[in-house]
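Under UniProt numbering, residues 1 to 225 are what the sequence shown spells out, in order. The C-beta atom is built at its ideal place from N, Cα and C for all residues, glycine as well.
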Amino acid sequence: MSAVAPCSGHRPSRWARRRSRGAHVPARTSDGPYGLDPLLRRKAERWFDCLCATRDTPGDPRLTWTDYELAALRTVRAFRHRVGGRAHRRLRAAFRRLWRRHDRAGSGTLDRAAFLAAHARALEQDRRALTAAVHALCCALADAADRDGDDVLGERELRALLTAAFRLTSEHDLRTAWHSLDRDGGGAVEHRELHRAFAEFLTAADPAAPGNQLLGGPRPPRPGR
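Quick look at the structure:
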């Protein structure tokens, strides 16, 4: 397995220094719509729904760069960082890096179908860049959430992070994420565990991957799909 480079453009994070030698990412399969394995599609839709501000409004919801900016802002405020400060700038840069992996045309907005197609294309044509962007975002989120500086996330920190960044509010989802990500049962989520979870959620087609539960687990297929 190849090593994952530290977050680009910043000093090496204390999390990055403890990182494992990279997360195993099973090969993508493409037997579903948009070239996505059905599990990958459901996880991508879950990501879309958690970040999309218009998910509950009438009409066709659209994911925008503003949604990613708001996720960064919610995280900064949740962990009492200064708005506009280093943690905020780093989060915005990491979210933008990931956004650009999907919005290659620079339109600034993606409906559900466009997002799924873009995610499939990123996995197929630019997997390394997508994975690097995922790891950079993970570093920025983890450092923002680790306010006590112990280099791990306790249950309270992880819950607060998922609630702020991804708007998880269901007790079932939060409990599922915690128990799935704490792989060794040590009572804390280490950096390598968080990195593997993010990579598995966005890139892995393995139904047994614990990272599938990062956002509470993929939802069942939508009716008629």
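Check, Outcome
"In the DSSP assignment, what are the bridge partners of leucine 63?", "Leu110"
"Bridge partners for valine 152 per DSSP, in chain order?", "Glu190"
"Measuring straight from C-alpha to C-alpha, what distance separates histidine 179 and alanine 197?", "12 Å"
"Identify whether proline 26 lies in helix, strand or coil by the three-state DSSP scheme.", "Residue placement at proline 26 cannot be trusted, given a pLDDT of 43 that sits under 50; what the coordinates show is reported in the next sentence. Of the three classes helix, strand and coil, the one that applies to proline 26 here is coil, per DSSP."
"Pick helix, strand or coil for aspartate 184, following the three-state DSSP scheme.", "coil"
"Kindly indicate which residue of Ala160, Ala72, Phe201, Leu123 has the alpha-carbon position closest to the one of aspartate 35.", "A small fix is needed here, since residue 35 is glycine in this sequence, not aspartate. It is Leu123 whose Cα lies nearest to the Cα of glycine 35."
"Step through the CB atoms of chain E and report whether any lies within less than 8 Å of the CB of aspartate 49.", "Among the chains in the structure shown there is no chain E, since it carries only a single protein chain."
"For a test of the three-state rule: what should DSSP assign to glycine 35, helix, strand or coil?", "helix"
"Out of curiosity, what's the CA-to-CA distance linking glutamine 213 and leucine 181?", "8 Å"
"Starting from leucine 141, follow the alpha helix (DSSP H) in both directions and report where the run begins and ends.", "127-145"
"Hey, could you find the ends of the alpha helix (DSSP H) arginine 104 is sitting in?", "First-last for arginine 104: undefined, no H or E at that position."
"Should the stretch 134-141 be called in touch with the stretch 86-97, which here means at least 3 C-beta pairs below 8 Å?", "yes"
"Helix, strand or coil for alanine 205, going by three-state DSSP, please let me know.", "coil"
"Do glycine 216 and leucine 168 have their C-beta atoms closer together than 8 Å?", "yes"
"Report the option in Leu110, Phe79, Trp47 whose CA atom is closest to the CA atom of aspartate 148.", "Phe79"
"Three Cβ pairs or more, each shorter than 8 Å: is that satisfied between the stretch 104-119 and the stretch 152-170?", "no"
"Would tryptophan 47 and leucine 202 be called neighbours here (beta carbons separated by less than 8 Å)?", "yes"
"By how many angstroms is the C-alpha of glycine 85 removed from the C-alpha of alanine 44?", "30 Å"
"Considering only the alpha carbon of each residue, which of Ala129, Val152, Arg77, Thr66 lies closest to glutamate 193?", "Val152"
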